[in-house]
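Going left to right, the sequence shown walks through residues 2 to 522 as the numbering used here numbers them. A virtual CB, placed ideally from N, CA and C, is assigned to each residue, including glycine. To keep things clear, I will list the structure first and then write my remarks on it.
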Amino acid sequence: MPSEILVVIVGVACLVLGFVVSQIIQSRRSSSRLNRAKTEASRITDEAHRQAELNKRTSEMDAKEIIERQRKDLDAEIKEKRSSLANLEKRLVHREESLEKRADLIDRQEAEYERREKDIGKREQHARELQSKHEQMIKEYQEQLERAAGMTAEEAKNKLMDSMVEEARHESAKTIKLVEEEARQESDKRAKKIIATTIQRYAGDYVSEATVSVVHLPSDDMKGRIIGREGRNIRALEAATGMDLIIDDTPEAVIISGFNPVRREVARLSLEKLIADGRIHPARIEEIVAKTSEELEHVIREAGEQTTFELGIHGLHNELIKYLGRLKYRTSYSQNQLQHSIEVGFLCGTMAGELGMNPRQAKRAGLLHDIGKAINHEVEGSHAIIGADLLKKYNESPKIVHAVRAHHEEIKPETVLAILAQAADALSSARPGARREMLATYVKRLEELEKLSRSFRGVEKAFAIQAGREVRVIVENAKISDEDALLLSKDIATKIEKELTYPGQIKVTVIRETRAVEYAK
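Given below as structure tokens:
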């Protein structure tokens, strides 16, 4: 037991001794660390002092450099401003000198103006005195001239005014001539080019037809067979065709008369077939007339189709094609209407092409413009109105319908296409040779044209030429001057327009001739 207590005591003692020893060791270690920390702190403090001193010196140097640089910049700016102020001062001095010189010049000019004003005043006074003397002298000279001329100043003034009016009239005539020449060169140039090009690009053949057709017989004996017993054959033929057959003393010929060209053609063809066949009796006549009518309808349709093909027109209604073909047997003043319609179509299309319009539409309007003549024997009214209603019925475009309706001024034309249709129709109808006139009417028109031209003062002779399309007026050179000739041509043309009726246009040419005659002795 005591041994165990001893062991415990020894163990406790050892523990206490170990604790004390450890405390001593830790104390020594802490002291060593503290010494080292103090040494390190001292070193860091010294380093901080050295770095702070270095930074202070560096900052002082940088500050000195900045101050030096700013000082140099300020010196340069001050120098530049001083230079600018010096230049400005020089300019001000120069301007001041210029102003002083200008002021001196103005003073001298004012003095010169005052001197001139005084001089002008003296001259004005002298001019007034001279004017007064001149007026007095003019008055004296006027009195002397009036006594010498035997007329008053008012009379002389009137004479002078008449002379001036005449001179102004001549000058105005010259101006009118010049303006008209320029206008003619500018405005007619393109119109003439278009019309001339259009006419040159088209040429048509024309057939002269009338309201009668002549059928030649192989012999005069055939006349009796055509008449038949008690005239039954000729009556049957007239009843079947609706035409009048004239069998007179004309050798070997029968005349078929009637206003309907299609029925007249049926009668002519039927009679030729009957003569060739030799069997002429009422039943055969009716059979031949019926067969010929069918054949002619086919020919009419082919003519219409050929016409549309020739002009390149498509989509035309079948009935309109048939009406076009019927125009082949219709004439107006001996002008074949189908050929006329074809020509108008070509002219209208060509002019439209020259003007940059639609040529196909213009051709269509030109071809259809007289379509109403194919049925105007059956319907009352103008062929233009009839044709327009017919085209409207078969759904033609409103522009085409309007152009057809307006081509004879039944209504006012409102489109360029209508104007082109009018112009093309006039070109085709009114050209020389296109239509025939009665001789008496033609001669009377020429006589009226010459008589009207001779009614003006100073006209010596007047001649209507070019089938009445031109009148040449010869004037007396002593009474009519060159300027008066221009005015005379305008007056004659104006009077012709007011008093005469004529197709197309009439050219008025005034001829003034100066002759110098001398005799060798």
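Best match in the options for proximity to residue i [C-alpha to C-alpha]
i, options, result
"K175", "H384, E519, E498 and L487", "L487"
"A465", "L501, I507 and E484", "I507"
"V405", "H384, H127, N396 and H299", "H384"
"G373", "P360, G350 and S333", "S333"
"L275", "G316, I247, Q307 and K224", "K224"
"E239", "E287, H171 and E519", "E287"
"A375", "P360, R331, V417 and N359", "R331"
"S271", "E296, S454, N261 and H370", "E296"
"P252", "L317, P219 and I26", "P219"
"V263", "Q307, R327 and R516", "R327"
"H409", "E130, H50, A424 and L392", "A424"
"L317", "A284, L392 and K462", "L392"
"G382", "E411, G232, S482 and I401", "E411"
"I401", "A427, R361 and S430", "R361"
"Q336", "E266, S429 and I314", "S429"
N- and C-terminal bounds of the beta strand (DSSP E) containing residue i
i, result
"V263", "Element bounds for V263: not the beta strand (DSSP E) but the alpha helix (DSSP H), P262 to D278."
"K374", "Element bounds for K374: n/a, residue is neither H nor E."
"V474", "E471 to V476"
"S258", "A254 to S258"
is_contact[residue i, chain B] using C-beta, thresh 8 Å
i, result
"E273", "Of the protein chains in this structure there is only one, and it is not chain B."
Between the CA atoms of residue j and residue i - distance to the nearest angstrom
i, j, result
"K480", "L489", "12 Å"
"S33", "K39", "10 Å"
"L368", "K413", "20 Å"
"D63", "E81", "27 Å"
"R109", "L100", "14 Å"
"L450", "E397", "43 Å"
"R302", "H341", "18 Å"
"H135", "E167", "31 Å"
"G305", "K364", "15 Å"
"G122", "L86", "52 Å"
"R458", "V476", "9 Å"
"G366", "A389", "The question names Gly, but residue 366 is Ala in the sequence shown. A366 and A389: Cα-Cα distance of roughly 11 Å."
"L18", "I45", "41 Å"
"I177", "V518", "33 Å"
"I68", "D74", "10 Å"
"E183", "K394", "48 Å"
"V300", "L179", "58 Å"
"H217", "E273", "8 Å"
"D221", "T308", "40 Å"
"H127", "N88", "57 Å"
"Y324", "V460", "53 Å"
Contact test: residue i Cβ vs the ligand FMN heavy atom, cutoff 7 Å
i, result
"K175", "No copy of the ligand FMN occurs in the structure displayed, which carries no ligand at all."
Simplified DSSP state of residue i, which is helix, strand or coil
i, result
"E397", "coil"
"Q536", "Past the boundaries of the shown model lies residue 536; the chain is included only from 2 to 522, so the question cannot be answered."
"E461", "strand"
"A521", "coil"
"A211", "Its pLDDT being 47, under 50, A211 is placed unreliably in this model, and the value from its coordinates should be taken loosely. A211: coil per DSSP, three-state reduction."
"T332", "strand"
"H217", "strand"
"I387", "helix"
"I412", "coil"
Delimiting residues of the alpha helix (DSSP H) encompassing residue i
i, result
"R513", "Unbroken run through R513 is the beta strand (DSSP E), K508 to R513; no alpha helix (DSSP H)."
"I247", "Unbroken run through I247 is the beta strand (DSSP E), D245 to I247; no alpha helix (DSSP H)."
"I493", "D483 to E500"
"G367", "P360 to L369"
"Y324", "N319 to R327"
"H299", "P283 to L312"
"K224", "D222 to I228"
"H1", "For residue 1 there is no data in the structure shown, the boundaries of the chain being 2 and 522."
"S342", "Q338 to E355"
"E239", "R233 to T242"
(request) Count the CB pairs spanning the stretch 338 to 355 and the stretch 266 to 284 that are closer than 8 Å, and state whether there are at least three. (result) no
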